[in-house]
Amino acid sequence: MENREIKIALTGNPNVGKTTLFNALTGSKQHVGNWPGVTVEKKSGRVSYNGYDIEVIDLPGTYSLTAYSMDEIIARDFIIEEKPDIVIQVVDASNLERNLYLTTQLMELGSEILIVLNMCDIAEERGDRIYIDKMEELLATPVIKTVATRKKGICELLDKVIEEKEIEQYHGHEIGYGNEIEEKVLEIEKILSDDETRDKRYPLRWMSVRLLEGDTNVRRKIAGSPVYDRVTEILDSIDQDEYEAEIADKRYLAINTIFPQMCTRANDTLTKSDMIDRVLTNKYLGIPIFLALMWGAFELTFAFATPFMDMIDLSASWVSEYVSSSLEPSWLASLVGDGIIGGVGAVLVFVPNIFILFFLLSLLEGSGYLARAAFIMDKLMYKIGMHGKSFIPMLMGFGCNVPAIMAARSIEDEKDRLITILIVPFVSCGARLPIYVLFAGTFFGRQAGTVIFAMYILGIVIAVISAKLLRATVVKGKPAPFIMELPPYRVPTMKTSLIHMWDNGFMYIKKAGTIILVGVIVIWALASFPWGVTYGSENSYVGSLGHAVEPFMKPLGFDWKISVALIFGLVAKEVVVASMGVLYGAGDNSEALSERIMADPGITALNSLSLMAFSLLYMPCVATVGVIKKETGSWKWTLFAIIYGIAVAWITAFVIYQGGSLLGY
Amino acid sequence: MTGNDFPDIHETTLDTLKPGEKAKITKVRVKGSARRKLFDMGMVAGSEIELVRNAPLGDPMDYRIKGYHLSIRKEEARQIFIHKL
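Same order as they appear, the protein sequences are chains A and B.
Going by the working numbering, the first sequence wraps up at 665, each residue one higher than the last.
Going by the working numbering, the second sequence wraps up at 750, each residue one higher than the last.
See below:
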């Protein structure tokens with residue numbers, strides 16, 4: 001017999017254990033992608049149970065469905081347009097009152113709701129009492145108790161889903177908004193129903209209420225309608241701010257009326273979480289603990305990743321050498337060896353970094369500390385025109401810009417996120433260090449450390465100035481208001497963190513990987529053609545390119561060789577050093593390279609300073625370009641990042657070199 | 666629409682609350698998208714609110730409302746009117 005299909009959607013506030021429930025339901029049968037047109041994650045999975053094929057769609061976690069963010073629009077459009085058989089709202093039992101606000105909105109959408117009461121253990125431990133029977137009666141929806149972290153109640157949930165699907169009985173519930181508003185709601189409903197061509201999937205009452213609340217997204221949906229002018233007339237005649245407040249008041253009032261009947265809350269005793277907060281967000285201890293934790297996370301990410309990265313690097317160069325020596329003809333050997341394998345190596349080398357970073361971020365987020373990090377840093381970040389949530393991505397940038405840009409996903413506001421993505425590349429990543437070590441070590445002797453430190457500071461200063469500049473020009477406006485829940489501290493679950501790590505790591509390989517590979521092959525072609533030249537030599541296209549850009553680079557103190565090395569540096573910034581080795585005939589021997597650079601009259605201490613600054617700032621490496629494209633979803637901003645980077649680098653290097661020359665260095 | 670428009674000498678703004686003090690929200694005058702977000706988070710007239718603490722650098726603030734912790738900046742708190750309890 002054919003299995004019957006059921007489609008369910010999971011919804012709920014952030015931090016209620018929705019993802020854990022999703023993982024418990026679907027196990028490993030998950031599919032992760034993006035919602036069409038946006039970078040918000042779309043997860044779906046399947047579960048077969050008692051002769052039913054159940055498709056589970058994990059909607060973004062939202063507090064409401066009022067179109068405040070992209071997440072909310074995605075969630076409500078999905079519920080209305082795709083009509084899942086059952087919408088499951090995961091509710092945090094220890095935070096019932098606010099969670100029910102979303103319930104009131106789901107009911108207005110006219111969807112079949114099933115409530116999953118999660119984290120009952122925390123609520124009970126605190127002394128709250130929840131009366132499930134009363135709750136089912138008052139909300140007119142089934143309520144199932146689960147502890148998703150321990151897989152409790154999963155079978156009962158699936159049984160209930162099937163039962164509800166079979167009876168197909170609609171539980172309706174409406175909130176009254178008072179005479180004045182109700183009159184307007186009816187009026188608009190009537191006008192809207194006059195339009196025969198309207199999208200009938202959208203409930204009329206819901207649309208009227210949304211319009212009265214000033215929902216611009218719904219307003220756009222009816223913009224082409226013949227009744228639009230009549231609706232606008234009514235909307236223009238009312239004080240929408242007042243209506244918005246009144247409607248929200250009424251929703252919470254409805255909750256307040258039924259809430260005391262289904263839950264008795266323990267008196268405001270200090271919870272464990274409150275006590276942890278007394279220390280972690282303490283006036284004096286908060287910042288030192290924050291810095292220590294960040295340093296620890298940072299060290300772990302890069303210390304743990306280094307051996308794996310070296311291994312990948314080593315195997316890539318070993319395979320590439322093996323291929324180069326065994327393949328015929330030689331151009332094919334070079335394409336596969338230097339180009340493709342080198343390119344794949346450049347993609348894979350970041351994978352350990354990204355996996356560990358996402359694992360740690362997921363632990364920080366799951367524990368509730370990530371919200372505190374934003375809370376602690378917001379004031380400082382706000383001063384430079386950014387949001388508290390931008391701090392973590394910027395910090396991660398010191399390790400590698402690629403995962404740092406991906407970490408910017410946690411920022412909801414599009415402008416805040418865009419600025420973060422655009423300035424992260426100025427934060428000096430680990431790959432730039434070998435360049436500083438070579439040149440500062442060669443020319444600055446005992447002051448080398450100071451010079452390297454100055455480069456890091458230069459990166460931060462440029463990032464801050466850029467943030468201010470972008471705010472004043474292309475990304476106008478103030479940082480988004482800081483309105484954030486500080487969720488209770490919890491022990492994060494290993495499974496959720498591992499799945500999160502795998503999803504994001506894999507996404508990176510798939511999406512950024514293709515762009516990186518193309519970039520690497522283009523550079524390989526430039527270094528190998530025309531026919532018969534030595535790879536990357538003066539006669540190759542890249543050599544000609546080096547000569548061609550020389551006039552442009554001369555004012556910065558760079559000759560064609562440095563220009564070529566910088567072009568190679570686009571693959572990954574540490575490649576600058578390797579290609580200097582090739583160009584100076586020193587191979588991998590860093591001491592020999594250091595001596596030869598020293599002996600070259602074309603490079604002085606001043607040139608090297610200008611070169612270090614240029615390497616720090618000029619366009620992001622192909623991996624970063626790939627991830628900027630992926631995360632902004634726009635070639636325009638990707639191109640902007642490249643051109644802006646080159647311009648800033650050129651100006652900075654020009655000031656250093658010409659200024660230094662004038663001062664007689 | 667509340668009709669109660671005569672000046673209230675006990676009315677003040679949320680940013681004046683000291684740690685541990687409780688109040689009842691009377692009016693939210695924040696504009697723009699933040700307004701709706703605040704409503705969604707339970708910052709509606711009649712809600713009870715308590716200041717738990719300031720962030721280590723002084724801003725933003727950590728409030729307890731409807732049994733959970735919500736953080737907002739002083740800038741928004743200045744536009745939320747309260748009645749101290």
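From the three backbone atoms N, C-alpha and C, an ideal C-beta is built for every residue, glycine too.
Reference residue i; option with closest CA among the options
| i | options | result |
| --- | --- | --- |
| A/Ala316 | A/Ile80, A/Ile457, A/Gly337 and A/Leu327 | A/Gly337 |
| A/Ile376 | B/Lys702, B/Ile737 and B/Gln744 | B/Ile737 |
| A/Gly569 | A/Met619, A/Tyr535 and A/Pro487 | A/Met619 |
| A/Leu192 | A/Gly178, A/Met207, A/Asn179 and A/Glu182 | A/Met207 |
| B/His734 | A/Val116, A/Gln89, A/Ala371 and A/Phe654 | A/Ala371 |
| A/Ile80 | A/Ile8, A/Val351 and A/Asn282 | A/Ile8 |
| A/Arg251 | B/Arg694, B/Phe746, B/Ile747 and B/Gly711 | B/Gly711 |
| A/Val520 | A/Lys573, A/Gly659, A/Lys561 and A/Pro492 | A/Lys573 |
| B/Arg701 | A/Phe304, A/Thr632, A/Ile392 and A/Tyr243 | A/Tyr243 |
| B/Gly685 | B/Arg743, B/Glu740 and B/Tyr728 | B/Tyr728 |
| A/Lys629 | A/Ile289, A/Met406 and A/Thr450 | A/Met406 |
| A/Thr11 | A/Asn50, A/Tyr52 and A/Leu65 | A/Leu65 |
| A/Gly110 | A/Leu235, A/Ile175, A/Ala613 and A/Leu360 | A/Ile175 |
| A/Ala248 | A/Pro352, A/Tyr436, A/Leu102 and A/Val319 | A/Leu102 |
Chain-ordered neighbours of residue i on chain B, where CB pairs are closer than 8 Å
| i | result |
| --- | --- |
| A/Ser485 | In the sequence as presented, Ser is not what sits at residue 485 of chain A; that position holds Glu. Going along chain B in sequence order, the residues near A/Glu485 (Cβ under 8 Å) are Met706, Tyr733, His734, Leu735 and Ser736. |
| A/Tyr68 | Ser698, Arg701, Lys702 and Asp705 |
| A/Thr281 | Arg718, Ala720, Pro721 and Asp727 |
| A/Tyr101 | Asp705 and Gly707 |
Three-state secondary structure (DSSP) of residue i
| i | result |
| --- | --- |
| A/Asp85 | coil |
| B/Met666 | With a pLDDT of only 47 at B/Met666, under the threshold of 50, the placement of this residue in the model should not be trusted, and no figure is reported. |
| A/Gly45 | strand |
| A/Asp263 | Looking at the sequence shown, residue 263 of chain A is not Asp but Cys. Here A/Cys263 sits in strand by DSSP. |
| A/Ser225 | coil |
| A/Ala9 | strand |
| B/Val695 | coil |
| B/Lys683 | coil |
| A/Asp58 | strand |
| A/Thr652 | helix |
| B/Ile730 | strand |
| A/Ile465 | helix |
| A/Met15 | A small correction: the amino acid at residue 15 of chain A is Asn; Met does not occupy that position in the sequence shown. Looking at A/Asn15 - three-state DSSP - the assignment turns out to be coil, as it is neither helix nor strand. |
| A/Lys151 | coil |
| A/Asn401 | helix |
Proximity of residue i and residue j at Cβ, strictly below 9 Å
| i | j | result |
| --- | --- | --- |
| A/Ile421 | A/Ala605 | no |
| A/Ile115 | A/Pro84 | no |
| A/Met386 | A/Pro479 | yes |
| A/Met262 | A/Leu138 | yes |
| B/Val693 | B/Ile745 | yes |
| A/Lys379 | B/Gly697 | no |
| A/Ala463 | A/Phe426 | yes |
| A/Tyr63 | B/Met706 | yes |
| A/Lys151 | A/Lys145 | no |
| A/Ala467 | A/Ile384 | yes |
| A/Leu517 | A/Ile340 | yes |
| A/Ile113 | A/Gln89 | yes |
| A/Leu611 | A/Gly557 | yes |
| A/Gly536 | A/Ser579 | yes |
Those residues which DSSP pairs with residue i across a bridge
| i | result |
| --- | --- |
| B/Thr678 | B/Phe746 |
| B/Lys689 | B/Glu713 and B/His748 |
| A/Arg205 | A/Arg205 is not bridged to any residue. |
| A/Glu72 | Partner(s): none; A/Glu72 has no beta bridge. |
| A/Ile483 | B/Ile737 |
| A/Tyr52 | A/Arg4 and A/Tyr49 |
| A/Gln30 | A/Gly45 |
| A/Val143 | A/Ile115 |
| A/Asp92 | A/Asn118 |
9 Å Cβ cut-off: residues of chain A touching residue i
| i | result |
| --- | --- |
| B/Glu741 | Pro481, Phe482 and Ile483 |
| B/Gly711 | Asp249, Tyr252, Leu253 and Asn256 |
Under 9 Å by beta carbon: chain B residues contacting residue i
| i | result |
| --- | --- |
| A/Glu97 | Gly707, Lys731, Gly732 and Tyr733 |
| A/Gly286 | Ala720, Pro721 and Leu722 |
| A/Ile376 | Ala720, Pro721 and Leu722 |
| A/Leu380 | Leu722 |
Interface residues of chain C facing residue i [CB-CB closer than 8 Å]
| i | result |
| --- | --- |
| B/Leu682 | The structure shown has no chain C; the protein chains it does contain are A and B. |
Chain-ordered chain A contacts of residue i [CB-CB under 7 Å]
| i | result |
| --- | --- |
| B/Lys689 | Residues of chain A passing the Cβ test: none, with the nearest at roughly 13 Å. |
| B/Leu703 | Ile483 |
Per-residue contacts from residue i into chain B (C-beta, under 7 Å)
| i | result |
| --- | --- |
| A/Glu108 | Simply none; closest approach about 14 Å. |
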